[in-house]
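Its first residue numbered 765, the sequence shown is counted upward by one per residue in my numbering.
The structure appears right after this line, and notes come after that.
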Amino acid sequence: MNIAPPNVTAIPSDLRSLPQWVVWQAPKKIPYTPGTGQPASSGDPATWRTFGEATACYEAGGYAGIGFVFTPGDPYCGIDLDDCLDVGGIPYPKAWAMIEKLGSYAEISPSGRGVKVIARARKIGGKCKAPFEWERGAMGQIEIYDSARYFTVTGNVLPDTPPTINERQQAVARLYRYLFPEARAARPVTGNAADRAWAYLVKCPDSISGQGGHDRFLRAACECMRFGLSDADTLDLLRRWSLEKSGGEPWNEREVAHKVASARDKCGAAGEIGMRLRESRDPVPLTPPPKAGASSQLRDRLEKVKSGEYAAAPWPWPMTEALTQAFLPGAVTMLCAAAGTGKTFWILGLLLGWLELGVDPAVFMLEEDRAYFLQRTLAILEGESRLTDQKWTRANAGAALDAERRHRATLDRIGGVIYDAPAHRVSLPELADWYESVASSARVAVIDPVTAASTGDKRWIEDGNFIERVKRIGLDTGASLLLVTHPRIGTVRKGPPTLDDLTGGSDYPKFTQTVIVMADHDPEEQVQCRNSMGTVPGGASANRMLYLRKTRNGRGQGMKVAFTFDPRTLRFHEHGLVVK
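Right, dumping it as structure tokens:
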């Protein structure tokens, strides 16, 4: 292997300032302690040295390069995209898409065939390696580490990538869940007590082996008991907690089971089992105003607006986007649509538009399975509504299969963001669990319809708990949520539904930032419209209308946007703001 000397001036100063450097020898990349000739260990700080000592040792000869050791005490995470460059040194398309989304310092590996990205982030689970096919016949591997591992560092910066190490927690979490979709809790633990226990656990200190981890894990298990959880629910909640709070490899099953048994004995002897459920209620999690410098919070927000970090995810329809600005980070939006309005095709058109705009979506469809929605997506892509008719499709099976082959790549993309549970009655806590699981990887999530969720006999309480929880998830992750609902049964009010006519608890319209009502107009209505190009000459003939009932983040409250839904192509066309 012909290895070029490291470009030390291009290595970010963030890394150079830390005493976590080693040197290494080819071809097996074995690390050594600079100046000693002895093997180094990624778990033993005594075997690492400063950047200056490592570079001096390398320049003295005998070593192939220098390397940086990741530890739980630093904020860095390394992503190794192995064999992701073609023979010309160009990233394969899938690799370049990942590198762009990671958006942080990236350099070419010593072999000249891989790329290493370093970001400010933590790994969200214990898995590290996954094989990956960059292109047909071009196999590689992706590795993610944030502790107990060293990376060779070359300073050979990949062209057109940032020269600095950036905060990219959501991007790293998104990649992790893409590579390891199974790395979640064994089953969702739901219910008010479990929700409250989890909200408490995420605030507990990390449980890292060798750093007081056993005591902290026992404390977490005891908190589950204090919320009255069963041993089985405690086990599942702690498995999930271990993935996120262990700082590396999660605790094994034997250790988790032992902590649960110890916690039950300890809390049982102290009479503490279920004690938190006996408390009247948790205090409201208020954020008190700072004693000085309160304007810094606005300044931080303005800086994020300036950098583009705080921006609304776009709609595929420009006037709707301009008037609502619905999908700001952490926002919750409601869409109310009656049967027969084409709501499903509107949602699928929205997903297709988001993917084209580079927005990562996720949608939980409660009323049908994935294949049902993919068949309708195919009909939209072909502009042929008859593809939704099973008799026509059977009579024209060859044409339908040809269409599926033509659009397979897009259908795979859409199918990859649709979640379903056709054999399970999903509850509101389970929907909140789902939103939490996708919020770090999806910029916008959709639940269609939220009113199909199963509930107990105190729906109004469950609705309030659900809205409170999803708002908290959105604020923590920067994701946005779209909840689809229906008009209340028996609504007799003339005209489209108002906020009082929406199905669901009063907390839905009260605590969401945007509420939109879609209504059909049969026969079509002739309206005067204005779009980004000005007033539409001659007006427009609209058969669908979006009524903007609430737009806290935009200027469109009380306005309406005209659309046409084509029943032949199943596509929506936005005409613009109705001015007359």
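Glycine included, each C-beta is placed from N, C-alpha and C at the ideal position.
Asked: Pick from Arg1140, Glu1085 and Thr1215 that is closest to Gly1318, judged by C-alpha positions; Found: Glu1085
Asked: Residue environment, Leu1062, which counts as buried when at least 16 other CB atoms sit within 10 Å; Found: exposed
Asked: 3-residue-minimum beta strand (DSSP E) runs that sit fully inside the region 1154 to 1189, ordered along the chain; Found: 1182 to 1184
Asked: Enclosing alpha helix (DSSP H) for Met1083 [first to last residue]; Found: Pro1082 to Thr1088
Asked: Thr1097 (DSSP reduced to helix, strand or coil); Found: strand
Asked: Distance, Tyr1272 Cα to Ile1231 Cα; Found: 7 Å
Asked: Paired residues, beta bridge with Gly1113 - DSSP; Found: Answer is none; Gly1113 lacks a bridge partner.
Asked: Sub-7 Å separation of Arg886 and Asp910 beta-carbons; Found: yes
Asked: Distance, Ala818 Cα to Gln1139 Cα; Found: 59 Å
Asked: Boundaries of the alpha helix (DSSP H) in which His1285 is found, first to last residue; Found: That residue, His1285, is in no alpha helix (DSSP H); its beta strand (DSSP E) goes Thr1278 to Val1291.
Asked: Nearest-angstrom Cα separation, counted from Gly904 out to Leu1247; Found: 39 Å
Asked: Those residues which DSSP pairs with Ile882 across a bridge; Found: Gly842 and Tyr869
Asked: 7 Å Cβ cutoff met for Gly842 and Ile888; Found: no
Asked: Asn771, buried or exposed, once every other Cβ within 10 Å from all chains shown has been counted against 16; Found: exposed
Asked: Proximity below 7 Å, CB of Cys821 to CB of Gly801; Found: no
Asked: Where Gly1238 sits in the DSSP three-state scheme; Found: helix
Asked: Limits of the unbroken beta strand (DSSP E) element including Met903; Found: Ala902 to Tyr909
Asked: Per DSSP, cross-strand counterpart(s) of Asn1229; Found: In the DSSP output, where bridge partners are listed per residue, Asn1229 has none listed.
Asked: Neighbourhood of Thr773 by C-beta, 8 Å cutoff - its chain only, sequence neighbours within 5 removed; Found: Gly919
Asked: Whole-Å CB distance - Leu1145 paired with Thr1174, under 8 Å assumed; Found: 6 Å
Asked: For His942, the first and last residue of its enclosing beta strand (DSSP E); Found: A quick correction: the sequence has Tyr, not His, at residue 942. Unbroken run through Tyr942 is the alpha helix (DSSP H), Gln933 to Leu943; no beta strand (DSSP E).
Asked: Classification of Gly878 by the beta-carbon crowding that lies within 10 angstroms, buried from 16 upward; Found: buried
Asked: Every unbroken beta strand (DSSP E) inside the region 785 to 864 [3 residues or more]; Found: 785 to 789, 794 to 796, 829 to 834 and 840 to 846
Asked: For Tyr1074, the residue or residues it bridges with in DSSP; Found: Paired residue(s): none; Tyr1074 is not in a bridge.
Asked: Given Glu931 as reference, the closest of Leu1266, Asp838, Asp1124 and Leu1142 once Cα atoms are compared; Found: Asp838
Asked: Nonlocal neighbours in the same chain, by C-beta distance under 8 Å from Ala958, ignoring five residues either side; Found: Phe991, Leu993, Asp997, Leu1001 and Pro1193
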